[in-house]
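Count the sequence shown with my numbering and you get residues 1099 to 1271, in order.
In what follows, a single structure is set out as structure tokens and then discussed.
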Amino acid sequence: MTIQWFELDSTQEPELTKKLASSSSIKNSDKVLAELGDCKSARLMVYHEISVTPGSRVHQSTTMGNTTFKLNLMVRPGDQESYTFQYASSLETLAPGQDITRRTAVKKIDSEFKLSPGKSFVLTGLERNSREKVTTQVLVVRLHGPAQEQSDETAQNGLEAYSSPEATPSNTD
1099 MTIQWFELDS TQEPELTKKL ASSSSIKNSD KVLAELGDCK SARLMVYHEI
1149 SVTPGSRVHQ STTMGNTTFK LNLMVRPGDQ ESYTFQYASS LETLAPGQDI
1199 TRRTAVKKID SEFKLSPGKS FVLTGLERNS REKVTTQVLV VRLHGPAQEQ
1249 SDETAQNGLE AYSSPEATPS NTD
């Protein structure tokens, strides 16, 4: 199972979150990735592909400048190709003195989703607001199998990552 984790600066694209939030369900991930690609002024800040084994826990964090994005995720297998996803996500911004000036946390537990190879679902619309900035999180979940939806090359679908020398991913299981 693969989870694509996107964090977008959608300050210049105020309709992005509303558009994505209305699609927070089982959906064709290609359609969601195309919607993200259509948002030209939304800057991609974080993009990770995370491999997840059902029953495992994932802790992922990325620091970019003075902001740390954190994602904690647990996948529980259910009956007949269904899964329950429980995740907590936070964003921490450091002030010049290295104190955390802003911490935004989102916790979400989704009911079981049926997932078969080649199908996917999308968890979207988690919006983090400050006076100056709007950040939107999108998680695209796929189960691996014979009917792969797309190759890694097309996964970003035209979105260009914001490059920062301070952007460093870390992954602990």
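Quick reminder that beta carbons are idealized off the backbone N, C-alpha and C, glycines included.
Contact the stretch 1147–1154 vs the stretch 1099–1107: 3+ CB pairs below 8 Å: yes
Sequence-distant residues of the same chain with beta carbon closer than 6 Å to L1171, five excluded per side: V1156 and Y1185
CB-CB length for S1139 against E1111, believed under 8 Å: 5 Å
Collapsed DSSP secondary structure at K1129 in the structure displayed: helix
Contacting residues, own chain, Cβ-Cβ under 6 Å from T1109 (five flanking each side not counted): K1231 and V1232
Whole-angstrom distance between F1183 and V1236, CA atom to CA atom: 14 Å
Proximity of S1154 and V1173 at Cβ, strictly below 8 Å: yes
D1107 - containing beta strand (DSSP E), residue span: T1100 to D1107
Bounding residues of the beta strand (DSSP E) (the contiguous stretch that carries T1166): T1165 to P1175
T1165 versus L1142 - alpha carbon distance: 14 Å
Cross-strand partners of T1151 (DSSP beta bridge): DSSP, once it has assigned bridges, lists no residue as partnering T1151.
M1162 - partner residues in DSSP beta bridges: T1165
DSSP state of E1113 mapped onto helix, strand, coil: helix
Coil, strand or helix - L1189 by DSSP: strand
6 Å Cβ shell around L1114 - same chain, five flanking residues per side excluded: S1108, C1137, A1140 and T1234
Coarse secondary structure for L1237, derived from DSSP in three states: strand
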